[in-house]
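Undergrad: Just dropping this structure here.
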Amino acid sequence: MFEAVEELIGEHADLETRLADPAVHADQREAMRLNKRYAELTPILTVYREWKRAGDDIGTAQELAQDDPDFADEVKELELRREELTERLRLLLVPRDPSDDKDVILEVKAGEGGEESALFAGDLLRMYLRYAERVGWKTEILESNESDLGGYKDVQVAVKTKGSAEAGQGVWARLKYEGGVHRVQRVPATESQGRIHTSAAGVLVTPEAEEVEVEIGPNDLRIDVYRSSGPGGQSVNTTDSAVRITHLPTGIVVSCQNEKSQLQNKEQALRILRSRLLAAAQEEAEKEASDARRSQVRTVDRSERIRTYNFPENRISDHRVGFKAYNLDQVLDGELDPVIQACVDADAAAKLAAAQ
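For the sequence shown, position 30 matches number 14 in the working numbering, and the numbering has no gaps at all.
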């Protein structure tokens, strides 16, 4: 583990040098990438330096304890401190989800249970909106389909950080654990005899896709020129001005012969090619997001639940990590952090166990 930290120290120093070079900031995208990586490494190095200092302090205290027994208690305290720092360092070195810094699109869908499910979907939406307000995020409802009694059959909301999030502390880092089927047990507003009903709503969470940029390498293209065969003035059929560009990695072919100049036709063909590659990349990104959505909720079925909201007992239970609390009213008012943190801790523990 600590050999890996030594490598990161070298990378951190290199990043610091590069970020001090004004020329690097001429390329804003590259500067942002370097800054992001620098911010990821800084907490690791901070804890590592504390860990090393604690080790030095233990050695000093042990020497002093040989002459003065009062220092023995300090040795124990320092050893406990170093164990704590060791665990923190292990967690920081666990591979991170590369999407943790991203904003999200969150969708709540009513499932089995008719109007009661739609009302519960509305409760979940309010819970997320209030939670976002508590932690300082911005929200924007993108699309909604309300039910007759004031709930939601389907609602989508964008959740974004204000400004730039700390490394690994974006919206996705917290809300990604919300994807799945949420089950509710309560007496519906439509129930006249006071019987408890069970219904469900689905929550879908996907990282918001960043704008896709198209890069075309010079070796990715095959460019052929040939004689124009259509209208184009006096130069038609007299010069090889038409251009055909084949993008070898994808097989996309673009031809252009409208302009008199071969250079102009090449530029037009490249513009068309870029737009087609951009569309293909965006389609692939949307497909990946769609696959992620399907993996979270195959069907909004009461039996496939990640969490249960029991109103009669004021209880919330997360079935994935065994979390249980009796403050459902507070959770629905946006106090969601303890529930999410239980999922974060369980995920980190599982990754740490897999890395050992």
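The beta-carbon is built from N, C-alpha and C at its ideal position, and this holds for glycine as well.
Every value quoted in this text rests on a predicted model; they were computed, and no experiment measured them.
Using the Cβ count rule (16 or more neighbours within 10 Å means buried), how would you classify histidine 303?
TA: Histidine 303 comes out exposed.
Undergrad: Using a Cβ distance threshold of 8 Å, determine whether the stretch 153 to 164 contacts the stretch 177 to 193, with at least three qualifying pairs required.
TA: With a cut-off of 8 Å, the stretch 177 to 193 and the stretch 153 to 164 count as touching, because enough Cβ pairs lie within range.
Undergrad: My output table needs one value for lysine 144: the three-state DSSP class, helix, strand or coil.
TA: Strand at lysine 144.
Undergrad: Look at alanine 142 and histidine 166 and say whether their C-beta atoms are less than 8 Å apart.
TA: Not in contact: alanine 142 and histidine 166 (Cβ atoms no closer than 8 Å).
Undergrad: Nearest to leucine 62 by alpha carbon, out of Pro27, Arg74, Gln46 and Gln50?
TA: The option with the nearest alpha carbon to leucine 62 is Gln46.
Undergrad: Ends of the beta strand (DSSP E) at tyrosine 310?
TA: Per DSSP, tyrosine 310 belongs to no beta strand (DSSP E) and is neither H nor E.
Undergrad: At what residues does the beta strand (DSSP E) containing serine 301 begin and finish?
TA: Note, serine 301: beta strand (DSSP E), 299 to 302.
Undergrad: Round the Cβ separation of glutamate 187 and glycine 163 to the nearest angstrom and send it over; I've been treating them as touching at under 8 Å.
TA: Sequence check: residue 187 is valine here, not glutamate. Correct: roughly 6 Å between the Cβ atoms.
Undergrad: Comparing alpha-carbon positions, which option in Lys93, Ala116 and Ala265 lies nearest glycine 106?
TA: That would be Lys93, whose Cα lies nearest to the Cα of glycine 106.
Undergrad: Are there 16 or more other CB atoms within 10 angstroms of the CB of methionine 111, so buried, or fewer, so exposed?
TA: It is buried - the Cβ of methionine 111 has at least 16 other Cβ atoms within 10 Å.
Undergrad: Does the distance from the CB of aspartate 204 to the CB of leucine 232 come in under 8 Å?
TA: Yes; because the gap between Cβ atoms is below 8 Å, this pair is in contact.
Undergrad: Identify the residues that DSSP records as bridge partners of tryptophan 121: which are they?
TA: Looking at the DSSP assignment, tryptophan 121 forms a beta bridge with Thr145.
Undergrad: I'd like to confirm the pairing. Which residues does DSSP put opposite histidine 231 in its beta bridges?
TA: According to DSSP, which records beta bridges pairwise, histidine 231 is partnered with Leu205 and Ile236.
Undergrad: Three-state secondary structure (DSSP) at proline 53?
TA: The answer is coil: DSSP assigns proline 53 none of H, G, I, E or B.
Undergrad: Could you check where the beta strand (DSSP E) with leucine 188 kicks off and where it finishes?
TA: Per DSSP, leucine 188 belongs to the beta strand (DSSP E) from 181 to 191.
Undergrad: Considering only their Cβ atoms, is the gap separating leucine 18 from leucine -8 smaller than 8 Å?
TA: For leucine -8 and leucine 18, no; Cβs fall outside 8 Å.
Undergrad: What three-state label does DSSP hand asparagine 19 in the structure shown?
TA: Three-state result, asparagine 19: helix.
Undergrad: Whose CA, out of Lys335, Asp317, Ala337 and Ala326, lies closest to the CA of valine 119?
TA: Of the candidates Lys335, Asp317, Ala337 and Ala326, the one whose C-alpha sits nearest the C-alpha of valine 119 is Asp317.
Undergrad: Report all residues from its chain with a CB closer than 6 Å to the CB of lysine 60; omit the five preceding and five following residues, and keep chain order.
TA: Hits under 6 Å: none found.
Undergrad: Which residue from Asp52, Ala4, Arg291 and Arg299 puts its Cα closest to that of cysteine 342?
TA: Since the first and last residues shown for the chain are -15 and 340, residue 342 lies out of range.
Undergrad: Within a Cβ cutoff of 6 Å, which residues of the same chain sit near alanine 330, ignoring the five residues on either side of it in sequence?
TA: Contacts found: Val305.
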